[in-house]
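Novice:
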Amino acid sequence: MMSRPSVLAAGFHAYPPPAFEHVVHHHHPGVSYRPLPTSRPPELPAGYSQQHTGHHARTATQVRMSGPAYMASDEELAQLQKLSQDYQPETTGPLVGERQSTSALAHEYRDADPAYRVKTASLPDKYAFFRTCRGDGHCGWRAIAFTYFEALLRAADVTRLEDEHVRLRSMHNLLNHAGFAEDVYNDFADEAFELLQRLADSLRALDGSADAVLLDAFNDPSVAMSIITYFKLLASAWIQSHPNDYAPFLDYDVKTYCSLNIEAAQCEIDHVGINALAEAVVKPIGFALEVLYLDRSQGQGDEIDTHRFEPTAPNGQPLQSITTMRLLYRPGHYDILYKVEDVASPMLQQQQPVPTQAPLQVNLAGYTDEFVPMSSNMPDIMTMIPGLYPSGIGQRWPSLSYDCDPNPVPQPQITPVSAYAPTPTPAAPVASSHQEYITPVRASHISYHNPPSNHIQLQPPVNIPMHPAPPQPSLSIDRGPAIVERGGPFRPSMYELEPGFGSGQPHSLPFQTSIFRNSHYNTAHFLNPDFQPEEWSPDSEYATGNRGRHKSTSQ
Amino acid sequence: MASTSRPNSPLKRLLTELQTYQSDPNDALEELGPVDDNEMTHWRAVMKGVPGTAYEGGCWLLDVQIPSTYPQKPPTVKFVTPICHPNVDFKTGEICLDLLKTSWSPAYTITATMTSIHQLLTSAEPDSPLNVDIAQLFRQGDYVGAEALIRYYTETERYVGRRRY
Numbered sequence: 004m005m006s007r008p009s010v011l012a013a014g015f016h017a018y019p020p021p022a023f024e025h026v027v028h029h030h031h032p033g034v035s036y037r038p039l040p041t042s043r044p045p046e047l048p049a050g051y052s053q054q055h056t057g058h059h060a061r062t063a064t065q066v067r068m069s070g071p072a073y074m075a076s077d078e079e080l081a082q083l084q085k086l087s088q089d090y091q092p093e094t095t096g097p098l099v100g101e102r103q104s105t106s107a108l109a110h111e112y113r114d115a116d117p118a119y120r121v122k123t124a125s126l127p128d129k130y131a132f133f134r135t136c137r138g139d140g141h142c143g144w145r146a147i148a149f150t151y152f153e154a155l156l157r158a159a160d161v162t163r164l165e166d167e168h169v170r171l172r173s174m175h176n177l178l179n180h181a182g183f184a185e186d187v188y189n190d191f192a193d194e195a196f197e198l199l200q201r202l203a204d205s206l207r208a209l210d211g212s213a214d215a216v217l218l219d220a221f222n223d224p225s226v227a228m229s230i231i232t233y234f235k236l237l238a239s240a241w242i243q244s245h246p247n248d249y250a251p252f253l254d255y256d257v258k259t260y261c262s263l264n265i266e267a268a269q270c271e272i273d274h275v276g277i278n279a280l281a282e283a284v285v286k287p288i289g290f291a292l293e294v295l296y297l298d299r300s301q302g303q304g305d306e307i308d309t310h311r312f313e314p315t316a317p318n319g320q321p322l323q324s325i326t327t328m329r330l331l332y333r334p335g336h337y338d339i340l341y342k343v344e345d346v347a348s349p350m351l352q353q354q355q356p357v358p359t360q361a362p363l364q365v366n367l368a369g370y371t372d373e374f375v376p377m378s379s380n381m382p383d384i385m386t387m388i389p390g391l392y393p394s395g396i397g398q399r400w401p402s403l404s405y406d407c408d409p410n411p412v413p414q415p416q417i418t419p420v421s422a423y424a425p426t427p428t429p430a431a432p433v434a435s436s437h438q439e440y441i442t443p444v445r446a447s448h449i450s451y452h453n454p455p456s457n458h459i460q461l462q463p464p465v466n467i468p469m470h471p472a473p474p475q476p477s478l479s480i481d482r483g484p485a486i487v488e489r490g491g492p493f494r495p496s497m498y499e500l501e502p503g504f505g506s507g508q509p510h511s512l513p514f515q516t517s518i519f520r521n522s523h524y525n526t527a528h529f530l531n532p533d534f535q536p537e538e539w540s541p542d543s544e545y546a547t548g549n550r551g552r553h554k555s556t557s558q
Numbered sequence: 023m024a025s026t027s028r029p030n031s032p033l034k035r036l037l038t039e040l041q042t043y044q045s046d047p048n049d050a051l052e053e054l055g056p057v058d059d060n061e062m063t064h065w066r067a068v069m070k071g072v073p074g075t076a077y078e079g080g081c082w083l084l085d086v087q088i089p090s091t092y093p094q095k096p097p098t099v100k101f102v103t104p105i106c107h108p109n110v111d112f113k114t115g116e117i118c119l120d121l122l123k124t125s126w127s128p129a130y131t132i133t134a135t136m137t138s139i140h141q142l143l144t145s146a147e148p149d150s151p152l153n154v155d156i157a158q159l160f161r162q163g164d165y166v167g168a169e170a171l172i173r174y175y176t177e178t179e180r181y182v183g184r185r186r187y
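For the record, the sequence lines run as chains A and B. In this text, residue positions in the first sequence follow the numbering used here: the first is 4, and each later residue adds one. In this text, residue positions in the second sequence follow the numbering used here: the first is 23, and each later residue adds one.
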């Protein structure tokens, strides 16, 4: 490393410097991810002394000095060194860009090396969006700082933002201990706190501007650099307060390393810096940090190598539901990456109080283990009898509709809450609360015995023709038209009904031409939005001897 | 950073630094502060020599220009009083110190920078010289000659107050 011509190591930045790609990475024991290329300051000769900058081209040209030390090659080297040191890469684009589709990445690499092409082509399947950071040498720090605030916003919890303020402030002891002057770091910290405050205000006002506030702040050079500097100082203080964890991985002593590679105004983040930020800032709030390495490594086939910093609970156990911050690393540069479910508007995830939630859970607890008809639940069952207590059904309906559902709640009803959040629908806000009380049902249905008699008792009266339509409970209205009162998107199957129930109803449609039967207008056809599985009768299907149909079904 | 949206931010920081310096002066300095109360981004410093070295008894005026992007960018510090040092240009006063260039950190202050320059006096690096004459003496191991030359200039070029500035 040291013997490399120092010219190559200069230039602190940023968009794929080709030299970095071929740097031989040395693995440190215990560090499973690839050490990132560090822009090692070029001025580190053997017998390194921190204080001196490198050779000066001037010395060779201005000074009337001759000797073996000033050969032409040295002069050239010095000139190159100077050019390299003065080189400022042209950096364009916003400091932090708008979120965009990762298909743009695949497009960008369509003519590139096959390793890149394959990897970027598979990217949009898993990671729908990305966000650029300007490659000015701060991109890695900036990406982590930005995603940190963004992940905080995702929780849409004002208390959490306030807690973070308190927690960060409590880390100032570390800063003091590392020898940073309070007057100095407070200027940087205050920018971070002010941003937290503004985000909290925005959440409180429910004006939906929090994302814009965050983006604006990170595109204000002054604010952004202050926050980045604050994060750097936190990382430095963390490393210095845990010297035993980091010293084995460092080429210099901890203090020197931090001043050169963490605190310096112009230094790219390296793996030690990422680790320190993950430990100091990211993990303690239960966020995970993932770095995806989009490089030419052939580690796992077409998959992009990923390193994940996993947060743990205080007891050492892995946390259950965690927010993940994702970075996309390309040699020398970091951007921000998102999965679809990461991108949910805070408004959609806002927890809405659901008045009927409490009784639901009570009923559930009494029912899931074993169903014992008692005075508390008998009246509900009585209302199920057609014609009885028509007026009482409206009030009792919500509790019945969920807790007594003998079928597992269909999966699609739960996942879309976050997965489809980017295309918000009016029903979505309640859908997330919906999730809350559905989850226990799902968890318990495994041990649920489902005695046959329950089917009848629990059957909602929605299919009973002569029954007056029960007043729509509020829950059902909010859930939207696709969801029927029973708790799933499907109406009850006839097999769940009391034997003989609805026997008078014709289940097969009066006209049964083969064209109609095989069209999706037929409710027995799986493409029909009102698909009625029980109407489909294989016997009659094959009995008609329709060859075309037979062929298609036997595929 | 080409511009900063809040031009006042270096001023606030500089005022803080000035107050800190006044309550906790730097032993290496005779004085430190703005040249003019109306120009907070132009400071001057008077540095003392290091007892027990060839720089003993010396006194140098330094000029400190503070960019509008401070503290993200380092101040530009030059010796106004000539000093004989391998890493300081005798004529221009330019200082070869990585702290003033690549390894600048926003966590450093003006007074901390001055401390580093003061330490540079006793930890010269002749292999990356700005003053090749004195550097060559060091490289050839002529420490007696080097020390004599330094003492000579420390005495003759001594800064003696505002009259000379």
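Using N, Cα and C, we set each Cβ at its ideal position, and we do this for glycine too. From a predicted model like this one, the values you see are computed outputs, not experimental measurements.
Taking only three categories from DSSP, how would you classify Val68 (chain B)?
Specialist: Numbered from 1 along the second sequence, position 46 holds the residue referred to as residue 68 (chain B). In this structure, Val68 (chain B) counts as strand in the three-state DSSP scheme.
Novice: Give me the Cβ distance between Thr103 (chain B) and Glu52 (chain B), rounded to the nearest whole Å; I'm assuming they're in contact under 8 Å.
Specialist: Start at 1 with the first residue of the second sequence, and residue 103 (chain B) comes out as number 81. Start at 1 with the first residue of the second sequence, and residue 52 (chain B) comes out as number 30. 12 Å between Cβ atoms; not a contact.
Novice: Any residues in the region 242 to 264 of chain A with a beta carbon nearer than 7 Å to a beta carbon of chain B? Which ones, in chain order?
Specialist: Listed by position along the chain: Ser262, Leu263.
Novice: In three-state terms, what does DSSP make of Pro117 (chain A)?
Specialist: In the first sequence, residue 117 (chain A) corresponds to position 114, counting from 1. Looking at Pro117 (chain A) - three-state DSSP - the assignment turns out to be helix.
Novice: How close, in whole Å, do the beta carbons of Ile265 (chain A) and Ala148 (chain A) come, if the pair is a contact with beta carbons under 8 Å?
Specialist: As a working mapping, residue 265 (chain A) is identified with position 262 in the first sequence. As a working mapping, residue 148 (chain A) is identified with position 145 in the first sequence. Not a contact, Cβ separation roughly 14 Å.
Novice: Given this structure, state the Cα-to-Cα distance separating Ala50 (chain B) from Met228 (chain A), to the nearest angstrom.
Specialist: Within the second sequence, numbered from 1, the residue matching residue 50 (chain B) stands at position 28. Within the first sequence, numbered from 1, the residue matching residue 228 (chain A) stands at position 225. C-alpha separation (whole angstroms): 31 Å.
Novice: Nearest to Trp65 (chain B) by CA position, among B:Pro56, B:Leu33, B:Lys123, is which residue?
Specialist: In the second sequence, the residue the question calls residue 65 (chain B) occupies position 43. Among B:Pro56, B:Leu33, B:Lys123, the Cα nearest to that of Trp65 (chain B) belongs to B:Pro56.
Novice: Taking Cβ-Cβ distances shorter than 7 Å, what residues in chain A pair up with Trp126 (chain B)?
Specialist: The residue labelled residue 126 (chain B) in the question sits at position 104 within the second sequence. The contacting residues are Ala267, Ala268.
Novice: Check this for me: beta carbons of Tyr233 (chain A) and Phe196 (chain A), under 7 Å apart or not?
Specialist: Against the first sequence, residue 233 (chain A) aligns to sequence position 230. Against the first sequence, residue 196 (chain A) aligns to sequence position 193. No, the pair does not count as a contact, with Cβ atoms beyond the cut-off.
Novice: Using a C-beta cutoff of 7 Å, does Ala129 (chain B) count as contacting chain A?
Specialist: Stepping through the second sequence from its first residue, residue 129 (chain B) is reached at position 107. Judged by the 7 Å Cβ criterion, Ala129 (chain B) is in contact with chain A.
Novice: Take every Cβ of the region 151 to 158 of chain B, pair it with every Cβ of the region 83 to 96 of chain B, and state whether three or more of those distances are shorter than 8 Å.
Specialist: In short, these stretches do not touch, since the Cβ pair count stays below three.
Novice: What is the C-beta distance between Leu297 (chain A) and Tyr341 (chain A), in whole angstroms, given that I count them as a contact (C-beta under 8 Å)?
Specialist: For the purposes of this step, residue 297 (chain A) is identified with residue 294 of the first sequence, where counting begins at 1. For the purposes of this step, residue 341 (chain A) is identified with residue 338 of the first sequence, where counting begins at 1. Leu297 (chain A) to Tyr341 (chain A), Cβ: 15 Å. No contact.
Novice: With a threshold of 6 Å on Cβ separation, who are the neighbours of Tyr260 (chain A) within its own chain once the five nearest residues in sequence on each side are excluded?
Specialist: The sequence position of residue 260 (chain A) within the first sequence is 257, counting from 1. Closer than 6 Å at Cβ, skipping near neighbours: Leu253.
Novice: Please go through the same chain and pick out, in chain order, the residues whose beta-carbon is closer than 7 Å to the beta-carbon of Val216 (chain A), but skip the five residues on each side of it.
Specialist: Here the question's residue 216 (chain A) lines up with position 213 in the first sequence. The residues are Arg201, Leu202, Ser205.
Novice: Measure from the C-beta of Arg35 (chain B) to each C-beta in chain A and report whether the shortest distance is under 7 Å.
Specialist: Locating residue 35 (chain B) in the second sequence gives position 13, where the first residue counts as 1. Taking Cβ atoms only, chain A reaches closer than 7 Å to Arg35 (chain B), which makes this a yes.
Novice: Which residues, taken in chain order from the region 183 to 206 of chain A, show a beta carbon closer than 8 Å to some beta carbon of chain B?
Specialist: Those would be Phe183, Ala184, Asp186, Val187, Tyr188, Asp190, Phe191, in chain order.
Novice: DSSP three-state label for Tyr296 (chain A), please.
Specialist: Position 293 of the first sequence, counting from 1, holds the residue named residue 296 (chain A). Tyr296 (chain A): strand per DSSP, three-state reduction.
Novice: By the DSSP assignment, the beta strand (DSSP E) with Ile325 (chain A) in it spans what residues?
Specialist: Looking up residue 325 (chain A) in the first sequence gives position 322. Looking at the DSSP string, Ile325 (chain A) is not in any beta strand (DSSP E), and its letter there is neither H nor E.
Novice: Starting from Lys235 (chain A) and walking both ways along the alpha helix (DSSP H), at which residues does that stretch end?
Specialist: In the first sequence, residue 235 (chain A) corresponds to position 232, counting from 1. 224 to 244 is the extent of the alpha helix (DSSP H) around Lys235 (chain A).
Novice: Distance cutoff 7 Å, beta carbons only. Does Pro232 (chain A) sit that close to anything in chain B?
Specialist: The residue given as residue 232 (chain A) occupies position 229 in the first sequence. With the sequence shown as reference, residue 232 (chain A) is identified as Thr, and Pro is not the correct amino acid for it. Yes, because at least one Cβ of chain B sits closer than 7 Å to the Cβ of Thr232 (chain A).
Novice: Is there a Cβ of chain B sitting closer than 7 Å to that of Met174 (chain A), yes or no?
Specialist: For the purposes of this step, residue 174 (chain A) is taken as residue 171 along the first sequence, with counting starting at 1. Output row for Met174 (chain A): interface = no.
Novice: At a Cβ threshold of 7 Å, is Gln328 (chain A) touching chain B?
Specialist: Along the first sequence, read from residue 1 onward, the residue named residue 328 (chain A) stands at position 325. Checking the sequence shown, residue 328 (chain A) turns out to be Met, not Gln. No - not a single Cβ of chain B is within 7 Å of the one on Met328 (chain A).
Novice: Just to check my reading of the structure: Leu164 (chain A) and Leu209 (chain A) have Cβ atoms closer than 8 Å, yes? What is that Cβ distance to the nearest angstrom?
Specialist: The residue labelled residue 164 (chain A) in the question sits at position 161 within the first sequence. The residue labelled residue 209 (chain A) in the question sits at position 206 within the first sequence. Actually they do not touch by this definition, with Cβ atoms about 14 Å apart.
Novice: Let me know the secondary structure DSSP gives Ser104 (chain A) once reduced to three states.
Specialist: Position 101 of the first sequence holds residue 104 (chain A). If DSSP states are grouped into helix, strand and coil, Ser104 (chain A) belongs with the strands.
Novice: Tell me where the alpha helix (DSSP H) around Asp193 (chain A) begins and ends.
Specialist: Taking the first sequence and counting its residues from 1, the one referred to as residue 193 (chain A) is at position 190. First-last of the alpha helix (DSSP H) with Asp193 (chain A): 185 to 208.
Novice: With Arg311 (chain A) and Ala291 (chain A) assumed to form a contact (beta carbons below 8 Å), what rounded beta-carbon distance in angstroms separates them?
Specialist: Start at 1 with the first residue of the first sequence, and residue 311 (chain A) comes out as number 308. Start at 1 with the first residue of the first sequence, and residue 291 (chain A) comes out as number 288. Right, the Cβ-Cβ distance comes to about 6 Å (below 8 Å), so this counts as a contact.
Novice: Would Val346 (chain A) and Phe132 (chain A) qualify as a contact pair, given that the criterion is a beta-carbon distance under 7 Å?
Specialist: Taking the first sequence and counting its residues from 1, the one referred to as residue 346 (chain A) is at position 343. Taking the first sequence and counting its residues from 1, the one referred to as residue 132 (chain A) is at position 129. Contact flag set, yes.
Novice: Whose Cβ in chain A lies nearer than 8 Å to the Cβ of Lys95 (chain B)?
Specialist: Numbered from 1 along the second sequence, position 73 holds the residue referred to as residue 95 (chain B). The contacting residues are Ala268.
Novice: How many whole angstroms separate the CB atoms of Leu121 (chain B) and Tyr130 (chain B), which I take to be in contact at a CB cut-off of 8 Å?
Specialist: Here residue 121 (chain B) is taken as the residue at index 99 of the second sequence, counted from 1. Here residue 130 (chain B) is taken as the residue at index 108 of the second sequence, counted from 1. Yes, Leu121 (chain B) and Tyr130 (chain B) are in contact; Cβ-Cβ is about 7 Å, under 8 Å.
Novice: Measure the C-alpha to C-alpha separation of Leu171 (chain B) and Glu78 (chain B) and round it to an integer number of angstroms.
Specialist: Stepping through the second sequence from its first residue, residue 171 (chain B) is reached at position 149. Stepping through the second sequence from its first residue, residue 78 (chain B) is reached at position 56. Approximately 13 Å between the Cα atoms of the pair.
Novice: How far does the alpha helix (DSSP H) with Leu164 (chain A) in it reach, from first residue to last?
Specialist: By one-based count along the first sequence, residue 164 (chain A) stands at place 161. Element bounds for Leu164 (chain A): 161 to 173.
Novice: Can you give the beta carbon distance from Thr176 (chain B) to Gly74 (chain B), rounded, assuming they're within the 8 Å contact cut?
Specialist: Locating residue 176 (chain B) in the second sequence gives position 154, where the first residue counts as 1. Locating residue 74 (chain B) in the second sequence gives position 52, where the first residue counts as 1. The pair is not a contact, with the Cβ atoms about 13 Å apart (cut-off 8 Å).
Novice: From Trp241 (chain A) to Val257 (chain A), what distance separates their C-alpha atoms?
Specialist: By 1-based counting over the first sequence, the position of residue 241 (chain A) is 238. By 1-based counting over the first sequence, the position of residue 257 (chain A) is 254. Using only the alpha carbons, I get a separation of about 11 Å.
Novice: Using a Cβ-Cβ cut-off of less than 9 Å, give me the residues of the region 102 to 116 of chain A that come near chain B, in sequence order.
Specialist: Answer in chain order: no residues at all.
Novice: For chain A, is any of its Cβ atoms less than 7 Å away from the one on Thr144 (chain B)?
Specialist: Numbered from 1 along the second sequence, position 122 holds the residue referred to as residue 144 (chain B). Answer no: the Cβ-Cβ gap between Thr144 (chain B) and chain A never drops below 7 Å.
Novice: How is the alpha helix (DSSP H) around His274 (chain A) delimited, first residue to last?
Specialist: Position 271 of the first sequence, counted from the first residue, corresponds to residue 274 (chain A). Looking at the DSSP string, the run of the alpha helix (DSSP H) that includes His274 (chain A) is 274 to 280.
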